[in-house]
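Inspection log for the structure reproduced underneath, given as structure tokens.
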Ligand SMILES: Cc1cc2nc3c(=O)[nH]c(=O)nc-3n(C[C@H](O)[C@H](O)[C@H](O)COP(=O)(O)OP(=O)(O)OC[C@H]3O[C@@H](n4cnc5c(N)ncnc54)[C@H](O)[C@@H]3O)c2cc1C
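In the working numbering, the protein residues as written are 4 to 348.
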């Protein structure tokens with residue numbers, strides 16, 4: 004019997020790869036050197052090489068939260084690490100792991116098939132498992148941070164693999180240690196802790212309305228309701244390019260919120276940490292009359308002012324020009340600063 008370990012395979016390298024199909028805005032973009040990453044070893048190999056050659060680099064998952072330029076110079080790591088499994092279980096919770104390249108929605112579906120409810124409010128969010136902690140994805144009153152146990156990542160600073168606990172990930176609203184330290188961590192695996200005690204979370208307006216006559220829905224019913232609401236509200240990137248919410252909901256001090264509420268009694272907002280209030284960015288943009296407007300090849304979605312769209316042939320420059328216009332108008336009218344959510348690569 005041959006006990007020798009076979010040498011790890013080299014990552015597949017494709018020069019000048021078009022990324023038009025790998026960014027949901029559908030921008031024309033190409034990667035000078037695209038590496039298909041299917042194992043953690045591929046990550047260390049490529050990063051060590053690009054650091055030695057002093058090449059620029061970045062990671063791309065599903066491309067659903069990025070604004071891509073026409074050319075991405077140097078190396079682009081296409082995160083395709085697959086696989087998910089149940090690691091262990093005790094009286095209270097189950098630990099599961101998933102590779103950085105696993106499709107998020109398929110992962111949520113799989114957890115429900117394993118009878119492990121908890122993630123159903125996050126159904127149909129595009130992208131990969133590895134990108135989920137980057138902006139601590141959230142929807143319908145649930146954030147993924149609640150379920151993360153730890154992540155495995157390659158740290159380009161120490162050039163070694165490391166495991167970060169949930170606390171070390173410093174997850175916050177659309178934010179994390181990874182987002183604040185771009186070009187440092189490449190997430191190869193995420194470990195989730197799913198509590199065995201499950202409770203429906205249907206307090207968000209759209210879900211509450213859906214279940215007004217069924218106060219005890221099953222996880223599957225919530226999953227289906229979330230899919231239905233999202234399909235109705237958000238444009239399908241296959242039909243019209245977009246990256247979901249383009250701006251974060253701004254968080255303002257309570258005094259500023261009260262002044263605004265006095266002037267605009269219809270103001271839509273949500274509770275936040277003590278002394279702060281989260282304003283609905285979509286409402287602010289809508290009030291400025293932007294919904295459905297078009298600026299050349301790009302515009303604001305007609306059913307949801309928070310979503311900017313590419314009508315075809317749009318570029319990163321076009322979308323950022325439109326974003327600036329919106330930011331200025333919202334600031335002039337409400338004195339509130341809007342921050343862009345997608346990552347500008
Ligand atoms: C229609 C639509 C609806 C959306 N709805 C929501 C929503 O409800 N809630 C929400 O939170 N988001 C939403 N999003 C945004 C997006 O789906 C999420 O941010 C998602 O997690 C991005 O995953 P991705 O694999 O596409 O990441 P990408 O867009 O490929 O990358 C996003 C960022 O993460 C980095 N990155 C990606 N993978 C890794 C990795 N393995 N290691 C290190 N860095 C990495 C990239 O470099 C980039 O900076 C929506 C987007 C669309 C298009």
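The beta carbon of each residue, even a glycine, is placed where N, CA and C say it ideally should be.
All values reported here derive from a predicted model rather than from experimental measurement.
Contact defined as beta carbons within less than 8 Å: I believe residue 198 pairs with residue 121. What is the distance between those atoms, to the nearest angstrom? 7 Å
Considering only their Cβ atoms, is the gap separating residue 187 from residue 158 smaller than 8 Å? In this structure, residue 187 lies closer than 8 Å to residue 158 by Cβ.
Using three-state DSSP, classify residue 354 as helix, strand or coil. There is simply no residue 354 to check, as the chain begins at 4 and stops at 348 in what is shown.
I need the straight-line Cα distance from residue 138 to residue 181, nearest angstrom please. 8 Å
May I ask you to check if the CB of residue 247 is nearer than 7 Å to at least one heavy atom of ligand 1? yes
Below 8 Å CB to CB, which residues in the same chain sit around residue 4 once its five sequence neighbours on both sides are set aside? In this prediction, residue 4 has a pLDDT of 44, which is less than 50 and means its spatial position is unreliable; what the coordinates show is noted afterwards. Nothing meets the Cβ criterion.
Whole angstroms are fine: how far does the CA of residue 24 sit from the CA of residue 101? 24 Å
Suppose contacts are defined by Cβ-Cβ distances below 8 Å. Is residue 245 in contact with residue 348 by that definition? no
Identified DSSP bridge partners for residue 60: Partner(s): 78.
Identify which residue in 95, 302, 45 has its Cα closest to the Cα of residue 13. 45
By alpha-carbon positions, which one of 306, 200, 299, 218 ends up nearest to residue 248? 306
Pair every Cβ in the stretch 281–292 with every Cβ in the stretch 257–272, then say whether three or more of these pairs are closer than 8 Å. yes
At 4 residues or longer, and completely inside the stretch 99–147: list those alpha helix (DSSP H) runs for me, N to C. Here the runs fully enclosed are 107–116.
To the nearest whole angstrom, what separates the beta carbons of residue 195 and residue 151, a pair I think is in contact under 8 Å? Right, the Cβ-Cβ distance comes to about 6 Å (below 8 Å), so this counts as a contact.
How long is the line joining the alpha carbons of residue 123 and residue 135, rounded to whole angstroms? 15 Å
Based on the DSSP secondary-structure assignment, which residues constitute the bridge partners of residue 188? 158.
Do residue 118 and residue 345 have their C-beta atoms within less than 8 Å of each other? no
To the nearest angstrom, how far is it from the Cα of residue 240 to the Cα of residue 116? 27 Å
Using the Cα positions of residue 54 and residue 47, report the straight-line distance between them to the nearest angstrom. For residue 54 and residue 47, the distance between alpha carbons rounds to 10 Å.
Secondary structure at residue 332, three-state DSSP: helix, strand or coil? helix
Within 8 Å, do at least three Cβ pairs link the stretch 284–302 to the stretch 317–328? yes
Should residue 32 and residue 75 be called a contact, given that it needs their Cβ atoms to be closer than 8 Å? yes
Starting from residue 37 and walking both ways along the beta strand (DSSP E), at which residues does that stretch end? For residue 37, the enclosing beta strand (DSSP E) begins and ends at 33–40.
Continuous beta strand (DSSP E) assignments of at least 3 residues falling wholly in the stretch 226–287: 244–248, 254–256, 272–274, 279–282
Can you check whether the CB of residue 80 is closer than 8 Å to the CB of residue 63? Yes. Within cutoff.
Taking 8 Å as the limit between beta carbons, can you name the residues of its chain near residue 332, skipping five residues before and five after? 291, 293.
What residue does the alpha helix (DSSP H) around residue 182 start on, and which one ends it? That run of the alpha helix (DSSP H) goes 180–183.
For residue 77 and residue 60, which I take to be in contact (beta-carbon distance under 8 Å), what is that distance rounded to the nearest angstrom? 5 Å
Indicate, with yes or no, if ligand 1 has a heavy atom lying under 7 Å from the CB of residue 67. yes
Distance, Cα to Cα, residue 250 vs residue 238? 16 Å
Specify the secondary structure class of residue 47 as computed by DSSP and reduced to three states. It is helical.
Would you mind stating whether residue 82 and residue 140 have Cβ atoms separated by less than 8 Å? no
Under three-state DSSP, which class holds residue 164? Strand.
Buried or exposed (CB count within 10 angstroms, at least 16 for buried), residue 192: buried
Close Cβ partners of residue 289 (< 8 Å) along its chain, the five nearest in sequence each way excluded: 308
Please classify residue 17 as buried or exposed, where buried requires at least 16 neighbouring CB atoms within 10 angstroms. exposed
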